[in-house]
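**Student:**
Residue numbers (our numbering), protein chains in the order written: chain A, 1 to 471; chain B, 472 to 950; chain C, 951 to 1053.
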């Protein structure tokens, strides 16, 4: 299957005309047609004929291709604005919205010659960790169809896991790339805040939102990041820091790096199988001469409150534009989860509660930054779980709003701080459900995270496993 | 009513649209006036999903410039905030504004109400924000509806807020006129009130000096915009302790005269309530310029809580002292300084100086002419005063002619009217002999007769000559 | 005070809904006060954190003074047709909404 190949292999193969873009795109559509009815990963599938026409056109010009992403089929979480292509954020509020412009990340991928195949299902507005809070039906986990795919970028994760395209762009506000990546056995990168432009990304929580790649391997994530990262004059919070050649740097040595294990992330509440599996992976790192250091990050307990006060505050403001006048439907279309978050945010910002909640959380955020600074001055990379449990049963998280939050407990504290985090597959439960772990580094240390992740993937083949969905 | 027992307390909020080329947070053309609706819009000013704001540097610099011209302090750290409320003309559901870290704070403007005395009006803050879209109330097929045009959405808007230091409608008008003049001098806005690029909102309350029931501390008044604790300058704490515990805002007035009338109307309306033992309601009112009355505006919503928080999409602003000095350097000499200098250097009257400095173009023109005086030779008859007279009385057209051309015209006129000293002496001597009776009367103190003699001289000169010069020569001859 | 549970009343929920421009159904009005109270109580854990002398962080870019030059950018400006393309109700180039009683 062409879709098992890495971007590097595909790009080389296309240039050498071992196979064509058309064949690659054709293969994607075969898998989409076979598996999407089971998974419900797509909200919009790009017209197949159109995509194939686009592919043939690109095949003609393959010799002139400059980007490795030329002719590579990809998917976008439906939080990205695509001109002329319906964009919903998985909410009926935007069920008929046809955008008038392009998100920067989409435009960059178009310019590189990549081919969009679909807009993916998710938790509406990013509000959720299971892709059940969607007006388009829940996304199902390709490893167990009775379970959730994770969220909020569940659609992209399920689709990449089941080989419907080569890579996807997810969006991570409190774990939305990493959580579904872990539960679907793919690799996902939450970038440093400001590394990739947010222009044209439907905002959930503006100071947490990040745009990042989801793919089969660390190498593929590096290829995509190289294309989408960089300063954007339309996003004042995007960084003008130089974009390294990530894909070339991933083979750089890792000897003597220090990998920190914060004990608070491995205590009560973490599923034993997941805990053992992740701690076991340290052997692989040690073999590569990475040193292990046990550390403490006592702010851990405050991660959810900080995330869940600031995130909803910003979302209550970000979602104010959906008034049904210029576009979209009326506000009564918001799901109850979204209504809840808007209400919590409105509460935290309102007169009389602002200091006790919003402002207090912003102060706690400063303490988190200090704690991460300290941990990352003692260590180069931190190793943490992504999710406390394996994928939950569909419906399980929807009954209790607090349980729903706890699914994000390990991934919410990186976003308020801004640091990057790479989620990679590291094994399976005895029931055959995927387990992921995350590598967290200091601001703009994506190259380092990718290097460490790549060493692990060179030594293991967890990331190469994919679900059997036939029959 | 007994004026001594009551005193109006007036503050002003003024919104000014800057005349930058592009909008505040996007590159759309800011030249929207009288264009077709919804043709000056992009994802940002239309509040589309995913769009992000990037602030216009020039607009921010101009805001600082205005603050400096109003003697404000410029805090080195500043930021934008979101002001959250719903209204159909506000596309994002929040306005990007500034809350607790405005660009300019604690300034003042001296208003010249009773020349030569002046009164200081403190400026609380000058901050930067964005304009909203425009609503048009229409009736289509017998159905009332509201139409929205977003061309104005995102136009840079500066808000100037004074302390409640104004005590009369006349002073409010003078303040506004001076502010208008400064804005025009800085060349940062048309400040055209007809077009709505300068919008005026007085807030008025009346203090009863003798009674105590109104003297609640001002700090107990909840700021109705935020519901949050009000930010105060030290001055305010000191000064406003016995301000009335209500204020009435009159919204969006578009002329200085209407502001004056609205304030006067409000003072009387509120006084009447106070005299009858009541307390006027804290509210927002509109101005009806046909009936010359204010009227209660239906409040947009009962709940006012703007939930300000720092705008996460825009990094904060930090100035260096040098940057502020650079902006300060760009500020031209402002009207009040110019007036003083003109009086001092050119020996013209305060009245003339005020007229000449009314707009910067005339003032500059006048000065260019004055500079040219020396070029017109040693004994030129032209004085700054003569130039001033010519410009003020519109005897010359400054829009048509260059200063040099004007000077030629004035010079020629002067030549035409010029009378040789000797000729004048001869004529006067002749007249003294002709009218001995008048001379005698003059010498007994009836100086009024001088006018008669001047008239006779001018008659002989057939309209030539300068009355002042003739008078001087006559007086000398009659001694 | 620290240990007192916050309960959010129906009245408060109505007020918040008004601020947030949300129309809640009766069912939501019944459920939300309880849900909000439980979430807020969980978040109130944050009150136990000592944050004296700590400055709040509202963004993590470490950037300052990001501006654009005052230039017109025609490429991003829409035609009137594009502006109105997703609107439910328009009239002569305007967006149209129910009459707003302001005056």
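Every residue, glycine too, gets a C-beta built ideally from N, C-alpha and C.
In this text, all values refer to a predicted model and were calculated from it rather than measured experimentally.
1. How far does the beta strand (DSSP E) with residue 214 of chain A in it extend, from its first residue to its last?
2. Decide if the segment 317–335 of chain A is in contact with the segment 551–571 of chain B; the criterion is three or more beta carbon pairs, one per stretch, under 8 Å apart.
3. How long is the line joining the alpha carbons of residue 61 of chain A and residue 117 of chain A, rounded to whole angstroms?
4. Assign residue 298 of chain A to buried or exposed, taking buried as 16 or more other Cβ atoms, counted over all protein chains shown, within 10 Å of its Cβ.
5. Taking all protein chains shown into account, do 16 or more other C-beta atoms lie within 10 angstroms of the C-beta of residue 300 of chain A, making it buried, or fewer, making it exposed?
6. Since residue 617 of chain B contacts residue 1050 of chain C with CB under 8 Å, what's their CB separation in whole angstroms?
7. So, is residue 918 of chain B buried or exposed, given that buried needs 16 or more other C-beta atoms within 10 angstroms?
8. Under three-state DSSP, which class holds residue 870 of chain B?
9. From residue 78 of chain A to residue 753 of chain B, what does the alpha carbon distance come to, in whole angstroms?
10. Determine which residues of the segment 1037–1051 of chain C have a Cβ less than 8 Å from any Cβ of chain B, and write them out in chain order.
11. For residue 908 of chain B and residue 935 of chain B, I'd like the C-alpha separation in whole angstroms.
12. Would you kindly work out how many angstroms separate the C-alpha atoms of residue 556 of chain B and residue 349 of chain A, rounded to a whole number?
13. Just to confirm, is the Cβ distance from residue 634 of chain B to residue 595 of chain B under 8 Å?
14. Do you know offhand how far residue 546 of chain B's Cα is from residue 575 of chain B's?
15. By the 10 Å Cβ neighbour count, where 16 or more other Cβ atoms means buried, how is residue 690 of chain B classified, buried or exposed?
16. Would you kindly work out how many angstroms separate the C-alpha atoms of residue 591 of chain B and residue 582 of chain B, rounded to a whole number?
17. Going by Cα to Cα distance, which pick from A/7, A/450, A/254, A/292 is closest to residue 73 of chain A?
18. In whole angstroms, what separates the C-alpha of residue 267 of chain A from that of residue 487 of chain B?
19. With DSSP run on the structure shown, which of helix, strand or coil describes residue 479 of chain B?
20. Just verifying my parser: in three-state terms, what is the DSSP assignment at residue 821 of chain B?
21. What does residue 364 of chain A reach in chain C if we use C-beta pairs closer than 7 Å?
22. Between the Cα of residue 800 of chain B and those of B/482, B/483, B/537, spot the shortest distance and give me the residue it belongs to.
23. With 7 Å as the limit, tell me which residues of the segment 309–324 of chain A have their beta carbon closer than that to any beta carbon of chain B; keep them in chain order.
24. Would you give the residue range spanned by the beta strand (DSSP E) that residue 194 of chain A belongs to?
25. Taking the Cβ atom as the reference point for each residue, do residue 189 of chain A and residue 177 of chain A lie within a distance shorter than 8 Å?
26. Take the Cβ of residue 882 of chain B as the centre, count every other Cβ of all protein chains shown within 10 Å, and call the residue buried at 16 or more, exposed below.
27. Does residue 623 of chain B have its Cβ less than 8 Å from a Cβ in chain A?
28. Taking only beta-carbon atoms, is residue 512 of chain B less than 8 Å away from chain C?
29. Measure the CB-CB distance between residue 996 of chain C and residue 412 of chain A and report whether it falls below 8 Å.
30. For the candidate residues A/448, A/417, A/340, A/459, whose alpha-carbon lies nearest to that of residue 958 of chain C?
31. To which residues of the same chain is residue 803 of chain B closer than 7 Å at the C-beta, ignoring the five residues directly before and after it?
32. Taking any Cβ of chain A, which residues in the segment 515–536 of chain B have a Cβ under 9 Å from it, in chain order?
33. At a CB distance below 8 Å, what residues from the segment 218–241 of chain A approach chain B? Give them in sequence order.
34. Run through chain C and tell me which residues come within less than 9 Å of residue 776 of chain B, C-beta to C-beta.
35. Suppose the cutoff is 6 Å on Cβ atoms and the five residues either side in sequence are ignored; what does the same chain contact list for residue 1039 of chain C look like?
36. Go ahead and pull the three-state DSSP assignment for residue 118 of chain A.
**Tutor:** This is what the structure gives:
1. 210–215
2. yes
3. 20 Å
4. exposed
5. buried
6. 5 Å
7. exposed
8. coil
9. 47 Å
10. 1041, 1042, 1043, 1044, 1045, 1046, 1047, 1048, 1049, 1050, 1051
11. 26 Å
12. 13 Å
13. yes
14. 7 Å
15. Confidence is the limiting factor: at residue 690 of chain B the pLDDT is only 38, short of 50, which leaves the residue's position unreliable and the question unanswerable from this model.
16. 6 Å
17. A/7
18. 58 Å
19. strand
20. helix
21. 996, 999, 1001
22. B/537
23. 313, 314, 317, 320, 321, 323
24. Premise fails: residue 194 of chain A is in no beta strand (DSSP E) and is neither H nor E.
25. yes
26. buried
27. no
28. yes
29. no
30. A/340
31. 656, 831
32. 515, 517, 518, 519, 520, 521, 522, 523, 524, 525, 526
33. 233, 234, 235, 236, 237
34. 965, 969
35. 1046
36. strand
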